Amino acid sequence: MHNIGSYNERLNNFSWKIAEDELGYKPGDVINIGWYCSDRICNMGKGEKLALKWEGLGGKAKNYTYNDLRQLSNTIADFLQKLGIKPEERVCLFLDRIPELYIGFVGILKSGAIAQPLFSAFGEDSLHVRMENSGATAIITQKKHLGKVRKIVATLPNLKHVIIVDDNGKNPLQDKEVAFIMDEAKRVEVFESFPTKAESPSVLHYTSGTTGMPKGVKHVHYSLISQYLSSKWVLDLQDDDIYWCTADPGWVTGTSYGIIGAWACGVTQCVNDIGFSADAWYAFIQKHKITVWYSAPTAIRSLMKAGEEVIKNYDLSSLRHLASVGEPLNAEAVIWGEKVFGLPFHDSYWQTETGSIMISNYPGMKIKPGSMGKPFPGITATILDPDTYEPVPTGQAGLIGIKPGWPSMMRMYWNNQEIYDAKFKNGWYIPGDRSYIDGDGYYWFIGRDDDIINTGGHLVSPFEVESALIEHPAVAESAVVAKPDFVNMEVVKAFVCLKPGFIASPELDLEIMNFIRKRLSPLAMPQEIEFVPSLPKTRSGKIMRRILKAQEWGEEIGDTSSLEDD
Ligand code: WT7
Numbered sequence: 007m008h009n010i011g012s013y014n015e016r017l018n019n020f021s022w023k024i025a026e027d028e029l030g031y032k033p034g035d036v037i038n039i040g041w042y043c044s045d046r047i048c049n050m051g052k053g054e055k056l057a058l059k060w061e062g063l064g065g066k067a068k069n070y071t072y073n074d075l076r077q078l079s080n081t082i083a084d085f086l087q088k089l090g091i092k093p094e095e096r097v098c099l100f101l102d103r104i105p106e107l108y109i110g111f112v113g114i115l116k117s118g119a120i121a122q123p124l125f126s127a128f129g130e131d132s133l134h135v136r137m138e139n140s141g142a143t144a145i146i147t148q149k150k151h152l153g154k155v156r157k158i159v160a161t162l163p164n165l166k167h168v169i170i171v172d173d174n175g176k177n178p179l180q181d182k183e184v185a186f187i188m189d190e191a192k193r194v195e196v197f198e199s200f201p202t203k204a205e206s207p208s209v210l211h212y213t214s215g216t217t218g219m220p221k222g223v224k225h226v227h228y229s230l231i232s233q234y235l236s237s238k239w240v241l242d243l244q245d246d247d248i249y250w251c252t253a254d255p256g257w258v259t260g261t262s263y264g265i266i267g268a269w270a271c272g273v274t275q276c277v278n279d280i281g282f283s284a285d286a287w288y289a290f291i292q293k294h295k296i297t298v299w300y301s302a303p304t305a306i307r308s309l310m311k312a313g314e315e316v317i318k319n320y321d322l323s324s325l326r327h328l329a330s331v332g333e334p335l336n337a338e339a340v341i342w343g344e345k346v347f348g349l350p351f352h353d354s355y356w357q358t359e360t361g362s363i364m365i366s367n368y369p370g371m372k373i374k375p376g377s378m379g380k381p382f383p384g385i386t387a388t389i390l391d392p393d394t395y396e397p398v399p400t401g402q403a404g405l406i407g408i409k410p411g412w413p414s415m416m417r418m419y420w421n422n423q424e425i426y427d428a429k430f431k432n433g434w435y436i437p438g439d440r441s442y443i444d445g446d447g448y449y450w451f452i453g454r455d456d457d458i459i460n461t462g463g464h465l466v467s468p469f470e471v472e473s474a475l476i477e478h479p480a481v482a483e484s485a486v487v488a489k490p491d492f493v494n495m496e497v498v499k500a501f502v503c504l505k506p507g508f509i510a511s512p513e514l515d516l517e518i519m520n521f522i523r524k525r526l527s528p529l530a531m532p533q534e535i536e537f538v539p540s541l542p543k544t545r546s547g548k549i550m551r552r553i554l555k556a557q558e559w560g561e562e563i564g565d566t567s568s569l570e571d572d
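For any residue, its number in this note's numbering is found by taking its place in the sequence shown, counting from 1, and adding 6.
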């Protein structure tokens, strides 16, 4: 039997109190996500149950029980406190998918500080903008990433501590650096989690903006209510499940469902840091007997590409529920899942700002392949006219609108009230996506309402890439757009005008690509650079990415009346 039972019945009798009661929380109580993910599960008698089964490259493996998770997160919280880190200070996690990332996240929350996860493939510029903006006082990292951190330390006046989790004592540490070896540290048996309340800040995730630099999305401890309930009702997490969320905690899926939801439900979760290959992934499922698998369309399309033959080498019969998030899930991918695993992928739609799943396909509910499903109980969504922000009739396309007020909704863009306010129109929160609702109430995704590129489920801001491009000595100006791609759905393409004296060449092409990869990240790196003599601009001088994008997608260019000397 599925946790959600009947979706329609849940809609009729819904209150967030259902989750509050299950978690034993009453309004006004202390609520600390770190405590809920570890101590509470131990208090329920599950201390010896495995919380984390981890695998790294070269056959490395580590297991942690809930009791280990409780003690080690205590140890980290205690360490942070003794360093002098105060509640609500930002502590960055700049780590590969190693146990310290997951357990460190819980420890930071227990200490009352705000966890700020950063994708470990970020280059120094991406790292710098996000840390400067948040004013983080500490960063937890690994030796392999220390080079990037050292480059920017001097430019971050608030940064007081660089904590290295795998320091071997061989090389001298620099100013502000301190070693912390989690598995060898003296364990702290008792640590009083900081008494955070519902509205105390918990997590700060950075997400790409259309026109400006990345924005810090501030979440609070009360987000647990949504994350817990959706883990139960959408991912269907049950006591004996072995769960695998493939997302990196540098992004919101990896924290909301790759840490908080999983551990608040007390399930055993598996994590690997082995990269992607169809064989490695299937072997991982087989070995750990994964039952619930939450992944992303790009990964699913890569598996489809690898073919069905490879699946025959593995016993994947442990799987019982599959879900997906991050980008449009093609109907073919849903149907493929059914064919090869005997199970469909359940698409789910949400974003960093919403903190938890907003629209989804539920276990037991009929799936229309290609549709995102229906709003989570307690979520009021609609489609709005893009000009009036009034709801449109069924079947008509428009902007998704969500009634504010669910527990895991962002509380602010870090230090940016103005941009936050601009996300609300006519009483609705506007995620910035276009969609329509069919006669049965199912939502169908159309596209984003801005220029942001969604590459493999990761948002990349053209503005950020263009800003980095003009720092290259050869680049005069550029326009960055999405280009279609089978696996990643979209990849970054840059149109570049060179400065006088520079000549386009394959070497320069490669050099510019690497420049972006190093400064920003492999995700933001253009997969293609086209050197052009000029860029299409409006009369007021704004680059019209829309025209270049339409060209890439073979679409009608549309209204060009504002185009310069046309
Ligand atoms: C944007 C949010 C929260 C998951 C990780 C991404 C797009 C997300 C779907 C889906 C079509 C989707 C939207 C959204 N998106 N899920 N099921 N179908 N598009 O979080 O980085 O904040 O990105 O990803 O455009 O606004 P994010």
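From the three backbone atoms N, C-alpha and C, an ideal C-beta is built for every residue, glycine too.
Remember, it's a predicted structure, so these values are computed and weren't measured experimentally.
* Asked: Excluding sequence positions up to five away, which residues of its chain have a Cβ less than 7 Å from the Cβ of D571?
  -> Note that D571 scores a pLDDT of 49, beneath 50, so its modelled location is shaky; the value from the coordinates is reported in the next line. Closer than 7 Å at the Cβ level, and outside the excluded window around D571, lies no residue.
* D572 - DSSP class collapsed to helix/strand/coil -> Confidence is the limiting factor: at D572 the pLDDT is only 41, short of 50, which leaves the residue's position unreliable, though a coordinate-based value still follows. It is coil, neither helix nor strand.
* Do the region 458-466 and the region 198-215 make contact, defined as three or more Cβ pairs closer than 8 Å? -> yes
* Asked: Based on the DSSP output, what are the partners of F501 in its beta bridges?
  -> A485, E536
* Asked: Is the beta carbon of R440 sitting closer than 9 Å to the one on R454?
  -> yes
* Helix, strand or coil at H8 according to DSSP, with G and I counted as helix -> coil
* Using 8 Å as the cut-off, classify the Cβ of A253 as near or not near the heavy atoms of the ligand WT7, replying yes or no. => Here the distance from the Cβ of A253 to the nearest heavy atom of the ligand WT7 is below 8 Å.
* Asked: Does the beta carbon of S236 fall short of 8 Å from some heavy atom of the ligand NAD?
  -> Among the ligands in the structure shown, the ligand NAD does not appear; only the ligand WT7 can be found there.
* S206: beta carbon under 8 Å from a heavy atom of the ligand WT7? -> no
* Could you tell me which residues DSSP puts in a beta bridge with E315? => E315 pairs with nothing; no bridge assigned.
* **Per-residue burial, D242 [other beta carbons within 10 Å of its own, 16 or more giving buried]** => buried
* Report the three-state DSSP secondary structure of V258 (helix, strand or coil). => helix
* Quick one: what does DSSP say R417 is sitting in, helix, strand or coil? -> Annotated three-state conformation of R417 is coil, per DSSP.
* By a C-beta neighbour count over all protein chains shown, 10 Å radius and 16 as the cutoff for buried, is R136 buried or exposed? -> buried
* Is the closest heavy atom of the ligand WT7 to the C-beta of V471 under 8 Å? -> For V471, the distance from the CB to the nearest heavy atom of the ligand WT7 is not below 8 Å.
* Asked: Are there 16 or more other CB atoms within 10 angstroms of the CB of K311, so buried, or fewer, so exposed?
  -> exposed
* Euclidean distance between Cα positions of Q292 and K524 -> 36 Å
* To do: Please confirm whether any heavy atom of the ligand WT7 lies closer than 8 Å to the CB of Q357.
  => yes
* **Cβ-based neighbour list, I575, same chain, cut-off 7 Å, excluding 5 preceding and 5 following** => Since the first residue of the chain shown is 7 and the last is 572, residue 575 is not available in this structure.
* Mark K224 as exposed unless 16 or more other C-beta atoms lie within 10 angstroms of its C-beta, in which case mark it buried. => buried
* To do: Select from L235, L75, W356 the residue whose C-alpha is nearest the C-alpha of I193.
  => The sequence as given places Arg at residue 193; Ile does not occur at that position. Ranking the options by Cα distance to R193, first place goes to L75.
* Asked: What residues are listed by DSSP as bridge partners for L1?
  -> Because the chain spans 7 through 572 in this model, residue 1 falls outside it and cannot be assessed.
* Asked: Roughly how many angstroms lie between the CA atoms of T297 and T252, to the nearest whole one?
  -> Taking the straight line joining both Cα atoms gives about 13 Å.
* A480 - DSSP class collapsed to helix/strand/coil -> coil
* Would you mind reading off the limits of the alpha helix (DSSP H) that contains C43? => 39-43
* Mark K164 as exposed unless 16 or more other C-beta atoms lie within 10 angstroms of its C-beta, in which case mark it buried. => For the record, residue 164 in the displayed sequence is Asn; it is not Lys. Answer is exposed; the Cβ neighbour count stays below 16.
* To do: Write down the C-beta distance between A83 and Y70 rounded to the nearest angstrom, noting that I regard them as a contact closer than 8 Å.
  => Incorrect: roughly 16 Å between the Cβ atoms, too far for contact.
* **L468 CB to nearest heavy atom of the ligand WT7 below 8 Å** => Reading the sequence as shown, one finds Pro at residue 468 and not Leu. Checking the Cβ of P468 against the ligand WT7 gives no.
* To do: Starting from the C-beta of E106, find all residues in its chain whose C-beta is less than 6 Å away, skip the five residues before and the five after it, and write them out in chain order.
  => V171, M188
* If we ignore side chains and look at the alpha-carbon of each, how far apart do E138 and N432 end up? -> 33 Å
* Who are the Cβ neighbours of G264 in its own chain at under 7 Å, not counting the five residues just before and after it? -> C251, A253, P255
* What number of angstroms, rounded off, separates the C-alpha of F347 from the C-alpha of I443? -> 29 Å
* Buried versus exposed, by CB contacts within 10 Å (16 or more), M50 -> So M50 ends up on the exposed side.
* Asked: Just to confirm, are S283 and A329 a CB contact at a threshold of 9 Å?
  -> no
* Asked: Can you give the beta carbon distance from V471 to F501, rounded, assuming they're within the 8 Å contact cut?
  -> Not really, about 11 Å apart at Cβ, beyond 8 Å.
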